[in-house]
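What follows is one structure encoded as structure tokens, with my remarks underneath.
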Amino acid sequence: MGKEIRTVKMIFNKDGHGNLSPKISIPKSWADKLGFSQEKREAEIVFDDEKECIVIKKIKQD
Numbered sequence: 003m004g005k006e007i008r009t010v011k012m013i014f015n016k017d018g019h020g021n022l023s024p025k026i027s028i029p030k031s032w033a034d035k036l037g038f039s040q041e042k043r044e045a046e047i048v049f050d051d052e053k054e055c056i057v058i059k060k061i062k063q064d
């Protein structure tokens, strides 16, 4: 399929102590294609500050 690019907004949630936790939602179709589900939801994320990118990888589970 190649690349599919979407522009999204980062969400900031504040906890009870006032700390912010940033989150980004990905399209459900992408999660499905990577094999994520409510039971299989572990991912590895890689931050590359040189390339200024974040990579999300599904952790293979047997």
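Residue numbers for the sequence shown follow the numbering used here, beginning at 3 and rising by one.
Ideal placement from N, C-alpha and C gives every residue a C-beta, glycine not left out.
These numbers come from a predicted model, not from an experiment.
Taken in chain order, the complete beta strand (DSSP E) segments of 3 residues or longer contained in the stretch 31 to 57 are 45 to 50. By alpha-carbon distance to K25, the top candidate from K16, Q40 and K5 is K16. Secondary structure note for S23: its beta strand (DSSP E) is the uninterrupted segment L22 to K25. Taken atom to atom, the span from the alpha-carbon of E46 to that of A33 is near 13 angstroms. Collapsing the DSSP output to three states places K60 in a strand.
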